[in-house]
Amino acid sequence: MDPKLEVLFNPGTVALIGATLREGSVGAVITRTLLEKFKGEVYLVNPSYNELLGRKVYKSVLDVPGNVDLAIIVTSAPTVPRIMRECAMKGVRVAIIISGGFSETGGSGARLEEEVKENAQGRVRILGPNCIGVYNAFNGLDTFFIPKNRMERPRPGPIALISQSGAVAAAILDWAARRNIGVGLAVNYGNKLDINEAELLEYLASDPNIKVLVTYIEGLKKPGEGKALMKTMKAITKAKPIIVYKAGRSKSSGRAVKSHTAALAGNYEIYRAMLKQAGAIEVNNLFEALEVAKALATQPLPRGNRVLVITDSGGVGVQAVDNLESIGLPVPELPQELRETLSKSLPPLASVTNPIDLTGSATDEMYKFVLDAVLPTNHVDMALISAQMQLPGMTPRLANYIINATGFGKPIVVFSIGGNEDARTFRAK
């Protein structure tokens with residue numbers, strides 16, 4: 019793994035090239051965010067200014083005193099080749115090119131991109147161009163150029179995000195923040211002129227603060243990238259789960275992918291086979307990706323695949339079993355002795371085979387009883403709980419019983435349909 023990737027996420031010094039306070043500009047958002055949040059040293063670079071917010075502004079990165087670990091470039095595309103040459107001369111280790119107008123636009127943009135690569139002289143690693151860069155909740159490095167009043171930032175947490183799309187990355191972070199889900203690191207790599215998803219996955223997986231990786235992929239760009247990505251994923255999934263949403267599945271969306279980041283969407287069935295072989299968890303939309311990540315980040319990994327389903331609705335139980343078994347998670351019938359134990363303390367109409375249906379007579383204590391009786395046994399490896407808080411016997415106290423049951427060391431996933439004030443309190447816990 020290239021040690022310069024550590025600089026991408028944890029630089030000591032940053033030069034923002036194109037710093038400005040011009041209202042409504044990308045540079046203004048990043049300027050204010052870095053000065054407010056980043057814990058390292060920030061140098062502002064723009065030949066049009068002498069000072070911004072009481073800080074000296076340098077005409078060129080070459081004028082910055084001392085070393086520059088990371089350059090963040092937000093100037094127009096035609097200026098970037100010259101700036102990259104100066105970064106190489108300065109000894110900048112990594113550059114994030116936020117600017118668009120490169121290979122995603124076709125011929126002239128692609129030539130500009132090649133010129134940028136040549137001028138880096140193999141000395142400067144490049145993220146982008148056409149990206150929104152890096153979000154590090156641990157040290158305040160944040161190049162996402164969406165104002166904080168339009169996009170909430172999540173608290174530090176055990177989830178890392180890698181996204182080929184900047185808008186998708188921003189949306190996931192905003193959703194995570196609104197759901198109080200911790201995301202420690204996020205990166206959007208755009209056109210991936212240099213640094214690619216395999217390298218980013220390898221680096222993020224090596225971070226001890228990260229437990230789960232979420233990846234949004236549209237397509238690959240260069241020969242051999244697929245093989246490298248599969249090899250990297252296969253090594254990582256032995257220790258940490260990777261959740262993947264692969265977009266660009268249809269012929270029409272594949273054309274959109276090419277105009278978005280200059281990547282090729284490729285044959286979706288080949289991707290599916292690759293992801294399965296690599297041990298990745300494929301999801302079908304972004305909401306699903308976030309929910310799966312939350313579950314994996316907050317739960318121990320199961321030792322097997324057998325699921326205990328507890329519900330107070332027969333209809334919900336049937337749907338749960340259908341969905342679980344469709345993805346290879348069996349819902350085993352419980353042994354006779356255990357069913358007899360359950361029957362003695364549950365309502366006469368309750369089903370105790372698995373799924374366990376407590377019926378509309380369900381109470382918090384019934385859920386607690388089933389969890390305490392079944393979860394410690396070797397008949398199941400995890401539990402899925404559906405609770406309708408509208409029922410008269412249900413209260414938010416159920417949340418405390420479920421939290422206590424996590425002491426059995428098995429994953430417990432909960433969902434609740436509909437709601438009132440009790441339901442909101444229950445979900446909040």
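The numbering used here applies: residue 19 is where the sequence shown begins, and numbers increase by one.
The C-beta atom is built at its ideal place from N, Cα and C for all residues, glycine as well.
Residues near residue i by beta carbon distance below 8 Å, same chain, minus five either side
i	result
G346	N323
A274	Confidence at A274 is low in this model, with a pLDDT of 45, below 50, so the placement of that residue should be treated as unreliable; the coordinate-derived value is given next. So the list reads G266, once near-sequence residues are dropped.
N302	Y263
Residues that DSSP places opposite residue i in a beta bridge
i	result
G151	N206
I116	Beta-bridge pairing links I116 to no other residue.
M400	V325
F163	According to DSSP, which records beta bridges pairwise, F163 is partnered with nothing at all.
R143	V112
V432	I403
S369	D375
Residue j beta carbon less than 8 Å from that of residue i
i	j	result
A368	T359	no
L203	A178	yes
I144	D212	yes
V75	N68	yes
M448	A380	Given a span of 19 to 447 for the chain in the structure shown, any question on residue 448 remains unanswerable.
T409	A401	The question names Thr, but residue 409 in the sequence shown is Leu. Not closer than 8 Å, so no.
L191	V205	no
V392	L356	yes
K108	V86	yes
G297	K252	yes
I114	G151	yes
V112	L88	yes
E104	F120	no
A315	K229	yes
Residues near residue i by beta carbon distance below 7 Å, same chain, minus five either side
i	result
T279	Only weak support exists for where T279 lies, its pLDDT of 46 falling under 50; the value from the coordinates is given anyway. So the list reads E122, N148, Q182, G208, N209, E236, once near-sequence residues are dropped.
Q139	A106
A223	L231, I254, K258
D399	P320, R321, G322, N323, R324, K428
A37	G45, T49, L62, V63, N64, L70, V75
T424	I430
M248	M292, Q295, A296
CB contact check: residue i to chain C, cutoff 8 Å
i	result
E59	The structure shown contains no chain C; it holds only a single protein chain.
Inter-residue spacing [alpha-carbon to alpha-carbon] between residue i and residue j
i	j	result
E383	S404	15 Å
L319	I254	15 Å
E54	D340	50 Å
K276	A265	Confidence at K276 is low in this model, with a pLDDT of 44, below 50, so its placement is unreliable and no value can be given for it.
A281	L364	Here A281 scores only 47 on pLDDT, less than 50, and its place in the model is too uncertain to base an answer on.
A283	P65	Low local confidence applies: a pLDDT of 49 at A283 is under 50, so the model's placement there is unreliable, with the coordinate-based value given in what follows. Answer to the nearest angstrom: the Cα atoms are 40 Å apart.
E306	A187	14 Å
L308	V431	14 Å
E24	Y221	8 Å
P373	P366	16 Å
A195	R40	28 Å
R290	K256	19 Å
R173	K362	46 Å
T371	N422	24 Å
A95	V134	10 Å
V47	R171	14 Å
F156	S126	39 Å
I199	A313	10 Å
I90	V310	32 Å
T433	P414	In the sequence on display, residue 433 carries Phe and not Thr. Those two C-alpha atoms are separated by around 13 Å.
G335	P348	13 Å
Extent of the continuous beta strand (DSSP E) run through residue i
i	result
R50	Element bounds for R50: not the beta strand (DSSP E) but the alpha helix (DSSP H), 44-55.
S121	Premise fails: S121 is in no beta strand (DSSP E) and is neither H nor E.
V262	260-264
R73	73-76
E59	59-63
Endpoints, alpha helix (DSSP H) assigned at residue i
i	result
S224	215-224
K386	382-392
F305	304-316
E104	98-108
Y67	No alpha helix (DSSP H) contains Y67, which DSSP labels as neither H nor E.
I190	184-196
V339	332-344
Sequence-distant residues of the same chain with beta carbon closer than 6 Å to residue i, five excluded per side
i	result
E300	V262, L293
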